[in-house]
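Q: Encoded as structure tokens, here's the structure I'll be asking about.
Number of protein chains: 4
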Amino acid sequence: MSDTRAPLRVAMVGYAFMGRAHSQGWRTAPRFFDLPVDPEMAVLVGRTQSSAEEAARTLGWAEVSTDWREVIERDDIDLVDICTPGHTHAEIAVAALRAGKHVLVEKPMANTLAEAEEMTRAAQEAASNGVLSMVGFTYRRVPAVQLARQLVAEGRIGEVRQVRAQYLQDWLADADAPLSWRLDKEKAGSGALGDIGAHIVDLTHFITGQRVTGVAGMLDTFVTERPVAESFSGLHGTGGSERGPVTVDDAALFLGRLSGGAPATFEATRYAWGRKNAMRIEVSGSTGSLAFDFEEMNVLSLFDGTDDPRTAGFRRILVTEPDHPYIEHWWPAGHGLGYEHGFTHQVVDLCEAVAAGEQPRPSFEDGLAVQRVLDAVERSSADRSVMTETGG
Amino acid sequence: MSDTRAPLRVAMVGYAFMGRAHSQGWRTAPRFFDLPVDPEMAVLVGRTQSSAEEAARTLGWAEVSTDWREVIERDDIDLVDICTPGHTHAEIAVAALRAGKHVLVEKPMANTLAEAEEMTRAAQEAASNGVLSMVGFTYRRVPAVQLARQLVAEGRIGEVRQVRAQYLQDWLADADAPLSWRLDKEKAGSGALGDIGAHIVDLTHFITGQRVTGVAGMLDTFVTERPVAESFSGLHGTGGSERGPVTVDDAALFLGRLSGGAPATFEATRYAWGRKNAMRIEVSGSTGSLAFDFEEMNVLSLFDGTDDPRTAGFRRILVTEPDHPYIEHWWPAGHGLGYEHGFTHQVVDLCEAVAAGEQPRPSFEDGLAVQRVLDAVERSSADRSVMTETGG
Amino acid sequence: MSDTRAPLRVAMVGYAFMGRAHSQGWRTAPRFFDLPVDPEMAVLVGRTQSSAEEAARTLGWAEVSTDWREVIERDDIDLVDICTPGHTHAEIAVAALRAGKHVLVEKPMANTLAEAEEMTRAAQEAASNGVLSMVGFTYRRVPAVQLARQLVAEGRIGEVRQVRAQYLQDWLADADAPLSWRLDKEKAGSGALGDIGAHIVDLTHFITGQRVTGVAGMLDTFVTERPVAESFSGLHGTGGSERGPVTVDDAALFLGRLSGGAPATFEATRYAWGRKNAMRIEVSGSTGSLAFDFEEMNVLSLFDGTDDPRTAGFRRILVTEPDHPYIEHWWPAGHGLGYEHGFTHQVVDLCEAVAAGEQPRPSFEDGLAVQRVLDAVERSSADRSVMTETGG
Amino acid sequence: MSDTRAPLRVAMVGYAFMGRAHSQGWRTAPRFFDLPVDPEMAVLVGRTQSSAEEAARTLGWAEVSTDWREVIERDDIDLVDICTPGHTHAEIAVAALRAGKHVLVEKPMANTLAEAEEMTRAAQEAASNGVLSMVGFTYRRVPAVQLARQLVAEGRIGEVRQVRAQYLQDWLADADAPLSWRLDKEKAGSGALGDIGAHIVDLTHFITGQRVTGVAGMLDTFVTERPVAESFSGLHGTGGSERGPVTVDDAALFLGRLSGGAPATFEATRYAWGRKNAMRIEVSGSTGSLAFDFEEMNVLSLFDGTDDPRTAGFRRILVTEPDHPYIEHWWPAGHGLGYEHGFTHQVVDLCEAVAAGEQPRPSFEDGLAVQRVLDAVERSSADRSVMTETGG
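Protein chains in written order, with full-length UniProt numbering: chain A, 1 to 392; chain B, 1 to 392; chain C, 1 to 392; chain D, 1 to 392.
Here is the structure:
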């Protein structure tokens with residue numbers, strides 16, 4: 001039986017942490033899911049030929065290039081997957097869209113609101129030509145998060161009354177952890193706010209189906225100078241004796257108001273000792289509530305306020321049943337998924353959108369909505385009048 | 001062997017939820033602890049003679065009165081324990097202090113900042129005559145909370161960098177739960193803010209040893225009208241067909257800045273379905289962190305950032321060891337304490353302060369510090385300019 | 001209004017750990033519950049006058065005696081509460097029953113099967129004269145355990161298929177922890193088996209409503225010699241340089257078969273580092289399951305196999321709702337109870353049985369059923385043929 | 001740079017649940033790890049050509065065959081990976097070893113002790129010719145399990161005193177779940193005992209470094225007749241109206257004695273409602289203890305008995321740090337792994353053993369040791385004299 005599916009020839013720009021994760025997604029999706037298109041890992045784009053070649057061999061890309069501009073013009077490329085640091089997203093994405101390529105861009109969509117707006121305009125124009133675009137908020141693809149969204153949409157917890165969202169990490173809690181591009185405002189745009197705060201804002205938008213309309217926020221930098229990194233492995237590096245400035249926020253705390261009127265608390269920090277990747281959200285509704293913590297990513301907690309109080313309690317749902325999102329393609333109940341599965345699901349959803357010619361979510365507009373919240377937090381934080389003194 | 005200890009003759013005003021809890025403290029403390037004074041449950045004060053008599057018999061008070069003014073003038077009363085709703089605290093406390101009686105007042109100390117300031121002045125004057133005063137933030141007396149305070153003071157988690165505090169309940173999540181005095185601004189002063197928000201502010205002050213100096217806050221009322229209660233048992237009542245207005249906040253969310261510079265998030269709500277009495281605090285320091293949740297009141301979680309990363313993890317400390325605060329007087333390890341034990345510990349600490357002639361903590365000044373935070377939250381919430389619009 | 005209730009005049013024999021817990025029960029029950037009789041803490045019986053007097057003053061008993069034989073003959077005593085070590089239970093209980101006194105005896109009911117049988121015969125004879133008897137398996141009175149029993153009886157988990165029960169402690173895990181009477185076969189009868197294994201056998205009987213009919217067991221002693229104690233506080237003591245033999249089991253592991261056919265695993269140990277008082281039971285039924293761990297004594301976990309698999313999960317029920325057993329007399333939801341509350345509930349249930357003239361549970365027959373299981377475990381453990389070699 | 005590594009050409013027999021998992025391991029290992037050999041997914045062997053072809057395309061195998069005998073004779077095959085039901089393992093494995101192919105065989109190694117012994121003899125003979133063999137107990141490759149083994153070997157918990165091991169599932173708890181080959185003694189050998197009980201025996205052997213030398217056991221079948229399956233997806237199928245007999249055990253409970261003298265409890269069941277894949281082991285040693293539950297596979301709990309009791313508690317170690325086994329090749333801290341990662345690690349370890357010419361573990365001898373325990377449990381269960389009656 002020959003494969004009659006259309007190919008989807010992908011070029012990926014960047015191959016660090018996110019590039020490795022995206023590659024695993026492209027490689028794995030066709031092995032577990034029936035995709036309506038046939039993705040090909042065609043070109044890996046990097047800055048230096050030899051490193052790109054080594055990465056391509058390891059990650060499974062057919063060829064390499066050091067010139068993304070040339071690649072996006074190639075006729076044999078259908079989709080550009082952008083995994084570079086945030087300050088390069090806008091330029092690559094806009095050019096790719098104008099060249100008629102579908103675009104998947106890692107989050108945060110951009111480093112500034114202006115860039116995000118420009119990207120969104122480009123995406124809207126491209127869409128009229130059938131060219132699609134998507135932002136890589138992969139945590140939406142965790143089965144427990146999908147289930148949370150479904151339950152809210154089905155009215156299982158009633159009207160949304162409150163949201164509490166946190167993204168707690170501790171990889172900077174050690175004051176001697178070295179600098180990286182993630183601590184450089186030029187490259188990263190912001191610190192905890194854009195890197196992980198963006199995730200909990202998007203998660204709130206996704207699960208509630210509402211948008212954050214107003215904020216009051218505080219940004220803090222606890223350690224203002226750190227060793228310059230000599231080597232890196234993932235987020236962890238080794239520093240030397242030279243020191244340099246941290247130019248981004250270490251923690252971002254903000255209150256928010258949702259479009260439906262619900263108040264919310266948000267906290268993003270890289271200084272919460274002991275919390276490794278605790279992306280958490282709890283939504284309290286008028287008839288029940290939901291809670292999720294990425295450190296137990298296969299679990300969703302549900303409290304159903306309509307249960308008999310005698311036997312009501314938070315249900316620890318292991319989201320590994322055949323009826324749960326994405327799960328029938330994987331393993332039997334209780335055989336949990338890991339971090340990278342979200343990237344596989346992202347590929348699945350993107351392929352299905354491309355095949356159907358429909359706008360995938362999160363769209364650039366969804367990404368822009370997140371960017372607007374981040375921008376408002378920065379403005380709020382800069383405005384001293386936001387805080388009321390206790391006078392104590 | 002005759003008892004050579006001085007008596008401490010107590011009059012308690014009010015005998016509802018808090019009166020029952022205080023009575024259990026007065027009754028139980030001498031049975032498990034060697035007190036330096038001999039407390040006597042002398043007089044119970046209520047509004048109606050027959051109800052007060054029945055309460056006194058049940059709770060173990062020797063006599064009753066319906067006139068607190070008369071009682072505070074009696075020579076055979078040493079201490080007045082005030083368990084009435086907040087709007088009556090200031091009048092009784094100030095009068096009792098002026099009459100030379102030690103005073104224990106339930107939290108919130110008062111319904112308004114002005115009352116709290118007046119009470120604090122009265123307490124300072126009384127103190128110069130050896131008359132002592134204390135606010136009933138009993139959660140300070142939970143062994144795990146005491147241990148948290150000790151560990152911070154000993155530098156076990158380094159410098160305080162961040163605090164996240166929540167007090168989540170759900171007894172109003174059902175929109176048909178009836179009205180009570182706790183939902184009436186005249187009597188309660190505020191809603192979740194003063195009732196439970198006060199606790200997490202005091203807990204933050206106590207555990208960190210710092211004060212909240214600034215806030216940005218939001219107060220929300222989700223259900224503005226409720227059935228008038230026909231009967232009550234504890235916090236739970238039955239409503240009829242008549243309805244009345246809710247005049248207090250249902251949820252209070254605020255950001256805070258501590259005197260040492262650390263940012264903090266606070267949330268107090270009675271609408272978090274499934275959270276019954278989740279008073280939680282997590283303090284992230286420069287070398288470790290601590291977490292507590294009253295729903296597991298015998299547990300303190302500690303992450304020590306100086307542990308070898310290979311075997312580092314949040315330690316679930318069962319705070320029931322003989323070396324833990326208060327525990328040697330109770331049961332063997334793992335035989336946990338309950339809610340009311342805090343009231344027994346409060347009596348113990350108060351008796352020791354009286355015997356030593358030393359200011360017990362939390363003092364009225366400590367209570368005033370909490371009140372100032374609550375007041376600033378109310379002002380912040382009323383100020384529309386605090387929120388920055390996202391423009392999305 | 002005068003009290004028209006009959007008095008229930010109690011004499012308690014012994015005043016160590018269990019005596020303190022029982023006293024708290026007698027003192028507290030009338031303060032929170034409407035008892036149909038009026039318990040009086042009349043006489044405390046000890047071996048030495050001065051120590052007994054000091055204990056009586058602290059614990060609240062009206063008078064003391066050093067002669068239990070005399071006390072059980074007194075006309076003004078209605079009930080004898082036996083809190084001494086196990087080897088004395090049979091003699092005191094049988095004599096008291098023959099003297100027409102109701103008897104509450106701490107567990108384990110007796111140190112030998114023969115004693116338990118004699119006690120049960122005495123109880124049956126006494127019962128025909130309206131004299132009642134009860135064994136102090138107080139863990140039955142934990143609200144979450146009562147709820148478990150109710151749910152099984154209501155058929156909520158269907159037919160019982162399997163039981164897994166553990167009682168894990170660690171107070172002997174340190175090989176230098178000193179000897180106590182609990183490690184002396186003469187006084188304690190057995191070690192972990194009778195002290196804590198008895199509890200999980202009774203709990204299994206209570207929750208399932210079935211009896212253990214057969215066992216295969218192993219008893220182990222890990223540390224055969226320990227320092228002789230110089231002082232004690234609770235279970236914890238300080239040892240000197242002298243050493244003495246441990247003559248009881250440190251751990252008891254056994255398989256069991258219930259009368260309804262279900263297989264079960266049991267483990268009782270005092271060597272499980274980090275488990276302080278982890279009395280756990282999980283019952284898997286044909287349509288659901290229940291799990292309990294005393295280290296979270298206010299929680300019962302329920303999995304309802306008839307829930308939609310999409311939202312099914314273990315429910316963490318905080319057993320602090322007004323509808324839960326005993327709770328309406330205590331505090332609002334989420335304000336948990338502690339270890340000693342079981343002793344208060346025991347007094348409540350005993351007083352109600354006495355007033356009604358009905359056999360309280362657990363009866364001596366229930367205690368004998370436990371004793372038979374312990375005895376069979378000892379016989380099985382002594383029988384080398386029970387273990388099948390793997391020949392590996 | 002050309003690849004100078006030797007190829008490792010693999011033929012896999014079978015492609016159901018285990019075949020899919022093994023394929024993911026072969027595919028993924030080279031992408032994240034530097035392997036010393038270059039694995040090639042050469043041939044997939046199945047019973048029917050068309051199904052095998054479809055599977056090969058999906059799973060990524062270069063060609064297919066319907067004749068395993070032919071394949072094991074091919075010169076261009078280096079290793080045979082056996083993923084068929086247990087009753088076929090011995091024949092294929094012995095033939096492959098004799099043909100000079102390395103062999104990886106899924107657990108349980110065999111359905112009978114005789115087969116396992118034959119396989120072990122064949123493995124020993126083959127080993128003298130440099131032909132290697134390994135049993136697929138992949139749970140050994142979970143990072144938290146590896147860490148547990150390391151900590152025991154390093155003496156971190158002292159001498160092993162007790163083991164408690166459980167493997168709890170619920171996919172048969174519903175009495176209407178259909179039959180499968182796993183419930184057929186001819187094909188599966190046994191039920192819960194061999195399928196999941198084998199895992200906890202191997203895990204005990206691996207983590208403690210000791211062997212189970214004696215057992216006392218009970219096997220139970222709760223539901224003796226079930227619908228014949230009409231279709232299957234993973235472990236879950238749909239049954240029709242026809243019914244057939246269950247010929248294996250539903251639950252296996254046994255006590256064990258380790259070679260070092262420690263007693264242990266084991267339970268394997270597919271009827272524990274709410275437990276989806278709760279493979280749990282807790283090892284109590286003389287100075288600490290370890291606990292693991294596969295439902296939280298990225299977590300190892302450690303209690304260090306030498307910690308100050310004031311701050312001692314079970315440490316919830318997120319086994320996702322760069323220093324943890326296998327982790328540096330994956331993601332940053334807190335970005336957990338899933339079920340299938342064990343299969344990738346298995347490939348890594350096997351490739352390293354092949355390159356080094358060293359016996360990989362678990363060897364067939366390790367597999368035989370497990371088989372001996374299972375066999376002894378079956379004999380013990382069949383021996384009525386093992387159980388001692390309580391006579392109650």
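Beta carbons: idealized from backbone N, C-alpha and C, even for Gly.
Please name the residue in B/Glu340, B/Leu104, B/Ser284, B/Pro227 whose C-alpha comes closest to that of residue 404 of chain B.
A: Chain B is shown from 1 up to 392; residue 404 of chain B falls before or after that span and cannot be answered.
Q: So, is C/Thr306 buried or exposed, given that buried needs 16 or more other C-beta atoms within 10 angstroms?
A: C/Thr306 is exposed by the Cβ-count criterion.
Q: How would you list, in chain order, the residues of chain B whose beta-carbon sits under 9 angstroms from the beta-carbon of D/Thr311?
A: In chain order: Leu147, Leu151, Arg156, Leu300, Leu302, Asp304, Arg315, Ile317.
Q: Which residue comes first and which comes last in the alpha helix (DSSP H) that contains D/Ser50?
A: That run of the alpha helix (DSSP H) goes 49-59.
Q: CA-CA distance, B/Met1 and C/Gly60?
A: Any reading at B/Met1 must be qualified, since the residue scores a pLDDT of 45, below 50, and its modelled position is unreliable; the value itself is stated next. Taking the straight line from one Cα to the other gives about 16 angstroms.
Q: Go to B/Ser380, then tell me how far its alpha helix (DSSP H) extends in each direction, as first and last residue.
A: Counting along the chain, the alpha helix (DSSP H) containing B/Ser380 begins and ends at 364-382.
Q: Can you name the start and end residues of the beta strand (DSSP E) that B/Gln162 belongs to?
A: Residues 160-168.
Q: Say whether chain A places a C-beta atom closer than 8 angstroms to the C-beta of B/Ser380.
A: Output row for B/Ser380: interface = yes.
Q: Just to make sure I have the definition right: I need the residues of chain A whose C-beta is within less than 8 angstroms of the C-beta of D/His199. Which are they?
A: By Cβ distance, chain A contributes nothing, its closest Cβ being about 13 angstroms from D/His199, past 8 angstroms.
Q: Compare the C-alpha of A/Ile92 against each of A/Leu113, A/Ala268, A/Ala62, A/Val45 and name the closest.
A: When only C-alpha atoms are compared, the closest one is A/Val45.
Q: Could you tell me which chain A residues have their CB closer than 9 angstroms to the CB of C/Glu321, listed as they occur along the chain?
A: Neighbours of C/Glu321 on chain A, chain order: Pro309, Arg310, Ala312.
Q: Give me, in chain order, the residues of the same chain whose beta-carbon lies closer than 7 angstroms to that of B/Phe137; leave out the 5 immediate sequence neighbours on both sides.
A: Within the same chain, B/Phe137 has close Cβ partners Lys107, His199, Asp202, Pro362.
Q: Apply the 10 Å Cβ neighbour rule to A/Ser50 and answer buried if 16 or more other Cβ atoms are within range, or exposed otherwise.
A: Under this definition A/Ser50 is an exposed residue.
Q: Could you tell me which of B/Phe314, B/His341, B/His102, B/Glu63 sits nearest to B/Gln124, measuring between CA atoms?
A: Of the listed residues, the one whose Cα sits closest to B/Gln124 is B/His102.
Q: If you draw a straight line from the C-alpha of D/Ala116 to the C-alpha of D/Val10, how long is it?
A: About 23 angstroms.
Q: Please classify D/Pro245: is it buried, with 16 or more other beta-carbons within 10 angstroms of its beta-carbon, or exposed?
A: When all chains shown are included, D/Pro245 counts as exposed.
Q: As a quick exercise: from C/Pro309, C/Ala127, C/Asp34, C/Gly256, pick the residue whose alpha carbon is nearest that of C/Val377.
A: Ranking the options by Cα distance to C/Val377, first place goes to C/Gly256.
Q: At the level of alpha carbons, what is the spacing between D/Tyr326 and D/Ala6?
A: Going from the Cα of D/Tyr326 to the Cα of D/Ala6 covers about 23 angstroms.
Q: Taking only beta-carbon atoms, is D/Thr344 less than 8 angstroms away from chain A?
A: It does not; no Cβ of chain A falls within 8 angstroms.
Q: DSSP on B/Thr388, reduced to helix/strand/coil?
A: Residue state, collapsed to three classes: strand.
Q: To the nearest angstrom, how far is the alpha carbon of residue 394 of chain C from that of C/Trp273?
A: Because chain C in this structure spans residues 1 to 392, residue 394 of chain C falls outside the shown range and cannot be described.
Q: In chain B, which residues lie with their C-beta within 9 angstroms of the C-beta of D/His89?
A: Per Cβ cutoff of 9 angstroms: no residues; D/His89 is ~37 angstroms from chain B at best.
Q: Taking the CB atoms as reference points, tell me whether A/Met223 and A/Leu172 lie closer together than 8 angstroms.
A: Here residue 223 of chain A turns out to be Val, not Met, going by the sequence shown. Yes, Cβ-Cβ distance for A/Val223 and A/Leu172 is below 8 angstroms.
Q: Compare the beta carbon distance of D/Arg31 and D/Met41 with 8 angstroms and say whether it is the shorter of the two.
A: No, Cβ-Cβ distance for D/Arg31 and D/Met41 is not below 8 angstroms.
Q: Could you pull out every residue in the same chain whose Cβ sits closer than 6 angstroms to the Cβ of D/Thr388, ignoring the five residues on either side in sequence?
A: For D/Thr388, where only same-chain residues beyond five positions count, there are no Cβ hits under 6 angstroms.
Q: If distances are taken between C-alpha atoms only, which option among B/Thr311, B/Val145, B/Leu318, B/Asp176 comes closest to B/Val299?
A: Considering only alpha carbons, the answer is B/Leu318.
Q: Do you know how far the Cα of A/Trp68 is from the Cα of A/Val94?
A: Approximately 12 angstroms between the Cα atoms of the pair.
Q: Is A/Ile327 helix, strand or coil by DSSP?
A: Correct three-state label for A/Ile327: helix.
Q: Give the residues of chain A in contact with C/His324, contact being defined as C-beta atoms less than 8 angstroms apart.
A: Arg310, listed in chain order.
Q: Return the first residue and the last residue of the alpha helix (DSSP H) that C/Thr221 is part of.
A: Segment: none, C/Thr221 is in no alpha helix (DSSP H) and carries neither H nor E.
Q: Taking C/Leu219 as the reference, which of D/Gly197, D/Thr265, D/Asp184, D/Thr88 has the closest Cα?
A: Cα-wise, what sits closest to C/Leu219 is D/Thr265.
Q: Does B/Tyr271 have its Cβ less than 8 angstroms from a Cβ in chain C?
A: Not an interface residue.
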